[in-house]
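Novice: Supplied in structure tokens, the structure appears directly below.
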Amino acid sequence: MTAREFGCTLSELRALMDLRGAEALAQVNKKFGGIEGLCAKLKTDPVNGLPNEKASLEERRRIFGRNEIPPAPSKSFLRLAWEALQDITLIILLVSALVSLGLSFYKPPENSETGGHDANEREAGWIEGAAILLAVIVVVLVTALNDWSKEKQFRGLQAKIETEHKFSVIRNGEALDTVVTELVVGDIARVKYGDLLPADGLLIQSNDLKVDESSLTGESNLIKKSPEGDPVLLSGTHAMEGSGKMVITAVGVNSQTGIIMTLLGATKGTTSKKSPNTVAPEEQINGIFLIKTILGNQFLNMNFYQTIY
């Protein structure tokens with residue numbers, strides 16, 4: 001089986017799943033000759049589903065993609081520590097510590113009238129800066145360690161869900177519980193109450209099916225689905241009432257959830273960089289003001305020592 005044998009392309013299916021409601025239904029009827037026509041183009045049977053042949057299923061994965069969303073590469077401990085150090089408060093403390101350490105090595109001119117007690121205080125002046133610097137290092141390391149631990153636990157949980165989450169499909173006329181990563185475009189899937197939809201598809205049969213799409217659209221009300229009204233079912237949404245059957249039309253990174261995660265930089269091969277201007281102007285002004293205050297106080301102290309000694 002090759003890509004030319006199908007009556008639709010991956011890009012056409014992705015464009016179809018961007019539509020909603022009556023607009024999607026009109027496009028299905030116009031472009032594919034209805035949902036049954038789409039099933040025919042995908043070479044699947046609405047009743048018996050796909051043949052459970054390994055080679056045929058693998059070919060569909062090659063053409064339309066796998067039902068997997070590769071996670072973004074794990075961040076190293078050093079990267080997490082660097083990100084923790086970007087906090088404006090820690091930056092101010094770090095600058096203060098460095099300035100304090102630098103000024104602690106300044107020695108005013110010797111004056112015989114000065115007491116030994118003041119000289120001892122000046123010699124111990126580095127302790128304040130060192131203490132602040134040590135505190136910053138501890139905070140950064142603890143924050144990075146917590147983030148690293150949470151990310152490791154999250155990835156372990158995600159891997160467990162991917163290997164254990166199963167969904168009911170029809171192949172060779174038989175209902176099978178299949179791991180969601182094994183689903184392919186053209187599969188006939190059975191949707192029931194409580195299901196988390198693992199792929200995008202079009203409803204071909206409905207028994208008062210209502211879906212919660214708040215995770216994708218923010219709509220708090222349940223959306224009623226039907227082949228004659230709104231047949232579009234999206235991955236990442238929950239079936240809250242009723243049941244039905246759908247033909248899968250998009251999986252993995254080509255599904256709506258996959259597209260959103262790709263845009264957010266949450267998948268492998270994408271990056272999500274923070275702009276230097278993401279810090280609020282008020283925070284930038286306050287940070288600069290505090291730094292100037294710290295520097296001013298330090299230099300005033302230095303001038304004070306010069307005047308006295």
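For what it's worth, UniProt numbering labels the leading residue of the sequence shown as 1, then goes sequentially. Glycine is no exception: its CB is placed at the ideal position from the N, C-alpha and C atoms. A quick note: this is a predicted structure, and the numbers were derived from the prediction, not measured.
Report the start-end ranges of each beta strand (DSSP E) in the stretch 151 to 223 that is 3 residues or longer and not cut off at the edges.
Specialist: 166 to 171, 174 to 179, 188 to 191 and 200 to 212
Novice: Relative to the C-alpha of Leu-94, which candidate in Glu-5, Asp-147 and Ala-131 has its C-alpha closest?
Specialist: Ala-131
Novice: Taking all protein chains shown into account, decide if Leu-256 is buried (16 or more other Cβ within 10 angstroms of its Cβ) or exposed.
Specialist: Looking at the sequence shown, residue 256 is not Leu but Gln. When all chains shown are included, Gln-256 counts as buried.
Novice: Would you check if the distance between the CB atom of Gly-244 and the CB atom of Leu-216 is smaller than 8 angstroms?
Specialist: no
Novice: Just reading off the alpha helix (DSSP H) that Gly-21 is part of, what are its end residues?
Specialist: Residues 21 to 27.
Novice: What's the C-alpha gap between Thr-9 and Glu-151?
Specialist: 37 angstroms
Novice: Kindly indicate which three-state DSSP category Glu-5 falls into: helix, strand or coil?
Specialist: The answer is helix: DSSP assigns Glu-5 an H, G or I state.
Novice: Roughly how many angstroms lie between the CA atoms of Pro-51 and Arg-62, to the nearest whole one?
Specialist: 17 angstroms
Novice: Identify which residue in Pro-231, Trp-82 and Gly-218 has its Cα closest to the Cα of Ile-248.
Specialist: Pro-231
Novice: Give the range of the alpha helix (DSSP H) segment to which Val-99 is assigned.
Specialist: 88 to 104
Novice: By how many angstroms is the C-alpha of Gly-173 removed from the C-alpha of Glu-228?
Specialist: 25 angstroms
Novice: Can you find the residues in the same chain that come closer than 6 angstroms, C-beta to C-beta, to Trp-148, ignoring five residues on each side of it along the sequence?
Specialist: Phe-77 and Leu-80
Novice: My output table needs one value for Val-140: the three-state DSSP class, helix, strand or coil.
Specialist: helix
Novice: Report back the beta-carbon spacing between Gly-49 and Gly-252 to the nearest angstrom; my notes put them in contact at under 8 angstroms.
Specialist: Gly-49 to Gly-252, Cβ: 20 angstroms. No contact.
Novice: Can you tell which of Glu-164, Ser-11 and Ala-84 has its C-alpha closest to the C-alpha of Val-139?
Specialist: Ala-84
Novice: Give the straight-line distance between the Cα atoms of Ser-100 and Pro-73, rounded to the nearest whole angstrom.
Specialist: 39 angstroms
Novice: Look at Glu-241 and Leu-222 and say whether their C-beta atoms are less than 8 angstroms apart.
Specialist: yes
Novice: Is it true that the CB of Val-185 sits closer than 8 angstroms to the CB of Thr-178?
Specialist: no
Novice: Do you know how far the Cα of Gly-258 is from the Cα of Asp-195?
Specialist: For Asp-195 and Gly-258, the distance between alpha carbons rounds to 18 angstroms.
Novice: In terms of residues, what are the limits of the beta strand (DSSP E) holding residue 325?
Specialist: Not covered by the structure: residue 325. The range shown for the chain is 1 to 309.
Novice: If you run the structure through DSSP and keep just helix, strand and coil, what is Leu-145?
Specialist: helix
Novice: Let me know if Arg-155 comes out buried or exposed under the rule of 16 or more other beta-carbons within 10 Å of its beta-carbon.
Specialist: exposed
Novice: Is it true that the CB of Asn-67 sits closer than 8 angstroms to the CB of Leu-234?
Specialist: no
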